[in-house]
Structure formats: structure tokens, C-alpha cells
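Per this note's numbering, residue 81 is the first one in the sequence shown, and the count goes up by one each step.
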Amino acid sequence: MHLLIKNGRIIDPANQRDEVTDIFIVDEAIVAIGKAPEGFKATQEIDATNQLVIPGLIDISVNIKKPGDKNKGSIASESKAAAAGGITTICIPPDTIPVIDSPAVAEMIHRTANDIGQVRMLPVAALTAALAGEHLAEMALLRDRGGCIGVSNGNNPLHSILVMRRAMEYAASCRMQVYLRANEVSLSKNGCAHEGVISTRLGLTGIPEAAETVAVARELMLVEQTGVSAHFLHISSHHAVTMINRAQQDGLPVSMSVTPHHLHLTEMDIGYFNSQCHVLPPLRTQRDRDVLRNAVKDGSISCISSDHRPLPADAKLAPFGDSSPGISGLETLLPLTLRLVDEDVLSLHDAISRLSHGPAQILGLNDCGQLQVGYRADICILDAEQHWSINPESFISSGKNSPFSDWEVKGKVTHTILAGQCVYQATE
Numbered sequence: 081m082h083l084l085i086k087n088g089r090i091i092d093p094a095n096q097r098d099e100v101t102d103i104f105i106v107d108e109a110i111v112a113i114g115k116a117p118e119g120f121k122a123t124q125e126i127d128a129t130n131q132l133v134i135p136g137l138i139d140i141s142v143n144i145k146k147p148g149d150k151n152k153g154s155i156a157s158e159s160k161a162a163a164a165g166g167i168t169t170i171c172i173p174p175d176t177i178p179v180i181d182s183p184a185v186a187e188m189i190h191r192t193a194n195d196i197g198q199v200r201m202l203p204v205a206a207l208t209a210a211l212a213g214e215h216l217a218e219m220a221l222l223r224d225r226g227g228c229i230g231v232s233n234g235n236n237p238l239h240s241i242l243v244m245r246r247a248m249e250y251a252a253s254c255r256m257q258v259y260l261r262a263n264e265v266s267l268s269k270n271g272c273a274h275e276g277v278i279s280t281r282l283g284l285t286g287i288p289e290a291a292e293t294v295a296v297a298r299e300l301m302l303v304e305q306t307g308v309s310a311h312f313l314h315i316s317s318h319h320a321v322t323m324i325n326r327a328q329q330d331g332l333p334v335s336m337s338v339t340p341h342h343l344h345l346t347e348m349d350i351g352y353f354n355s356q357c358h359v360l361p362p363l364r365t366q367r368d369r370d371v372l373r374n375a376v377k378d379g380s381i382s383c384i385s386s387d388h389r390p391l392p393a394d395a396k397l398a399p400f401g402d403s404s405p406g407i408s409g410l411e412t413l414l415p416l417t418l419r420l421v422d423e424d425v426l427s428l429h430d431a432i433s434r435l436s437h438g439p440a441q442i443l444g445l446n447d448c449g450q451l452q453v454g455y456r457a458d459i460c461i462l463d464a465e466q467h468w469s470i471n472p473e474s475f476i477s478s479g480k481n482s483p484f485s486d487w488e489v490k491g492k493v494t495h496t497i498l499a500g501q502c503v504y505q506a507t508e
């Protein structure tokens, strides 16, 4: 396979590249940029005139509850949705059914994803067996035989600090990164909205900011003690950002990510019980949103992730507190991030970096996240000036749950290249 992508504006933040030129691909890798290598004859060409050519996007958290369940987002449907969103690599948290606590489950995910061939899937192993929080999972085995990228307990909080400490020590010895969802369940239990004026006015059970900050403080102390590399997923409060940023400055091996909905929405968007805005962690105050935006801008937060959760239609039809939390976000990850460029929050280079090079560095992926000779040819091509209106009913994902319905955005993916193969091409 010899693929030529010609006349595109190549933007590669990792290498400070921004130029109109050509990319030459042989089989799975980029072999040249600018000038064709000797003897190269294209078997396929893509004319990217007036389009952006950027590294394939990397989504660090995509929830697929039952890999084979068509009602809750199967590997097949969500792989196609990822490709349509320009995403070439996704990480699968361990709280699938069955749990990713054995190499067999991880191998099944790899095998199925490879057979479908739409996206590269990297499973995250369970921190504890069955995510029960009692016995440590076989992390080394899950890494070596299951190909797991790191470890996490998903949305299941560990009640025992001692178990968390032992788990971090084991993960450190295996050189595996721990992915943490900061939540002190004794403070957040039964809550569904940020604890504040809005939740009080609507009569909703609140989740205090302390549910996140207490957990962050605890985990940071354990990271310092054990030396494990840790990533905090989906940070939502300004105090948590400040604490993790301070730990970064002190030299701790920690990083954090944020979702597009926490960068665009606040508790005010709940309105009159809009269940599409029911997410965990909850949408917080405008001050929190503004601090999150500043942290993404200055690089303290180097990754934007969808926290994609495809849900059946009836999951959002119950009263707000009884509805299922989550947003279907694969197909809106890129345009919502580009919207931050139009709002003067991020430069175009920084926006692309937070979706590619940033997450690649967090995950320790040395073969993607940038456009460079010898790297995997994982590439997204988009028309950055195309305006369109978000219509969840048209999502390829099985989940149509999104609070961004009818939002006007800019930036439409035209092609997605995975390891040198075109896996998505827009029909319009």
C-alpha cells in the first residue's frame, strides 16, 4: 500500500510543523514528508487541498460497557463512531462486562478491534479483581499477555486506603500507570449534581467539590509515597486543578485530563432538569470551568478526553436524579475542542496537541501522536472551516445522548487514516 496525501496543511504540534506539503505512506508508516522517497509510486491519493492534516486523535477514556451489546455500544458501533470523529486510538476502562481483570478479556477486545479494523483499542486493566476493591489483579500478567496500557478501578472507588497503597506499589513495580477517578464516595453518594445554589433550587442531591478534592489529596500523598505514575481522569473543580498542578511543579509523576463538557458547560445548563447534563463528575460552577480552561491553555492539563458513554434512549428519560449519567462524545470531541479556538481559549496548535501529542505522552505511546517519518500513519484530515449543526440522532455511535444538540460548530472530518489504511471517508 502506497498512499499519498497531497497539498494539505500539515499541523504537527509535537514537531512545531505547520506547512502545506505532502505526506508519503508505505504500508503502516510515514516514509517521507515534503519530497517523495526514491521509487515511490502512489497506489492511492488523497487530495487535501484547503484541509488540515493532523495526527490521529487519541481518546484516553472511552466506555464500552458490554463489548458485544448493541444496545449499550458495541466495539463495532463505537469503533466506527471513533473513526468518523478522526480518532485513531482509544483506551477502554476496565469496567466492562466482563471486567478486564484477565488476559482473556483484554485479548478478546484486541482481537475484535483488530478484526473490525476501524480504531486501535488499548484496554486498561483492573486494579483489583472484579473491581471489588479487595484483592489486587494480576497486573504484570495483564500487561504482558493482555497488552494492557495501565491499571484503573474504573468508576468503582476503593474504600480501603491500604488496598490503594498496595495497588500503587504493585503498579509501580510493574511500571504501569494508574488511572484515577477522584471521588470520595462517602461524600458523593446518591448525588447527581454539583452541590450549590442550582442543586438546592432544583431539589437535587448535591455532590460537593470536596468529594473530588479529598480524593485528590489522598491519592497525591500515596503517589508521593509509592512513586507510581498516575493520571487523574476528568478533573472538574478548580481546587483539584490547583492541587495537581502544585504536585506537578514539585516533581510528582502525575497528569490530568478534562472533558469537553466540563470546558463548555456549567451547573446552569441543567436548566429545568435537563437529564442530558447528568454527568459524573457533575458540571460545576463557571469559576471551575474558567480555571479548567486556563489549565488547558497553560498545559497543566495536557489532554482533553470525551469520557464517551453511549446510553440507550430510555436511560435519559427518567427524572434527573434517576437517569443514567454520561454523554456520547466521540463524534463531538474534535469540533468542541476546535470551538475553544474560536473562543480564544486555545491556539489551533494547542487544541490539536491536547487531542494527540498530549495523550500520547501520558499513555507512553512512542509510535503515534505526531506526524514524523517512521511513525505509524495514524492521521486525521479535516475541513476546519466547514460549519455544521450537532444532531445526536445522526451519530454513528449507538448512544445518541448529548447535551450539545443543535450547537453550531466548525470542523468536519473528511478522512481518517489508521496505520496507513483509510478507515473513514465522509460521503458529503
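A virtual CB, placed ideally from N, CA and C, is assigned to each residue, including glycine. These numbers come from a predicted model, not from an experiment.
Would you please state the rounded distance, in angstroms, between the beta carbons of G449 and P340? I believe it to be under 8 Å.
No, G449 and P340 are not in contact; Cβ-Cβ is about 19 Å, not under 8 Å.
Only counting the same chain, and skipping five residues up and downstream in sequence, which positions put a Cβ closer than 6 Å to that of K152?
Confidence in K152 is poor, its pLDDT being 47 and thus under 50, which makes the residue's placement too unreliable to answer from.
Judging by CA-CA distance, which residue of N354, L84, P405 and L313 is the nearest neighbour of I384?
L313
Between which two residues does the alpha helix (DSSP H) harbouring I281 extend?
It is worth fixing the name first, because residue 281 is Arg in this sequence and not Ile. For R281, the uninterrupted alpha helix (DSSP H) run begins and ends at V277 to L282, by DSSP.
Is the distance from the Cβ of S154 to the Cβ of I476 below 8 Å?
Not in contact: S154 and I476 (Cβ atoms no closer than 8 Å).
Y504 by DSSP, collapsed to three states: which one?
strand
When we look at the beta-carbon of N236 and count the other beta-carbons within 10 Å, is it buried (16 or more) or exposed?
buried
Counted within 10 angstroms of its Cβ, other Cβ atoms place N471 as buried (16 or more) or exposed:
Counting Cβ neighbours within 10 Å, N471 comes out exposed, since fewer than 16 surround it.
Alpha carbon to alpha carbon, what distance is there between I287 and T280?
11 Å
In terms of DSSP beta bridges, what is C460 paired with?
I134 and T496
May I have the straight-line CA-CA distance separating S403 from L397, to the nearest angstrom?
7 Å
If we count the other Cβ atoms within 10 Å of its Cβ and call it buried at 16 or more, is K121 buried or exposed?
exposed
Using only the heavy atoms of the ligand SAM, determine whether one of them is closer than 7 Å to the beta carbon of A499.
With respect to the ligand SAM, the structure offers nothing, as it holds no ligand at all.
Between H495 and the rest of its own chain, which residues show a CB-CB distance below 7 Å, the 5 nearest in sequence each way excluded?
I126, I461, C502, Y504 and Q505
When you compare the CB positions of H318 and D368, do they come within less than 8 Å of one another, or not?
yes
Taking only three categories from DSSP, how would you classify S469?
In this structure, S469 counts as strand in the three-state DSSP scheme.
State the beta-bridge partners of L260 as determined by DSSP.
F312
Buried or exposed for A512, going by 16 or more other Cβ atoms inside 10 Å?
Here the chain covers residues 81 to 508 and nothing more, so residue 512 does not appear.
Nearest-angstrom Cα distance between K150 and G479?
Note that K150 scores 48 on pLDDT, short of 50, meaning its location in the model is unreliable; the coordinates nonetheless yield the value given after this. Their Cα atoms are separated by approximately 10 Å.
Name the DSSP bridge partner or partners of Q124?
L83
What does the alpha-carbon distance come out to for the pair I172 and D370?
Going by the C-alpha atoms only, they are around 29 Å apart.
Buried versus exposed, by CB contacts within 10 Å (16 or more), L498
buried
By Cβ distance below 8 Å, which residues in the same chain neighbour L372 in space, the five residues on each side in sequence not counted?
I315, S316, H318, V321, V338, H342, L343 and I381
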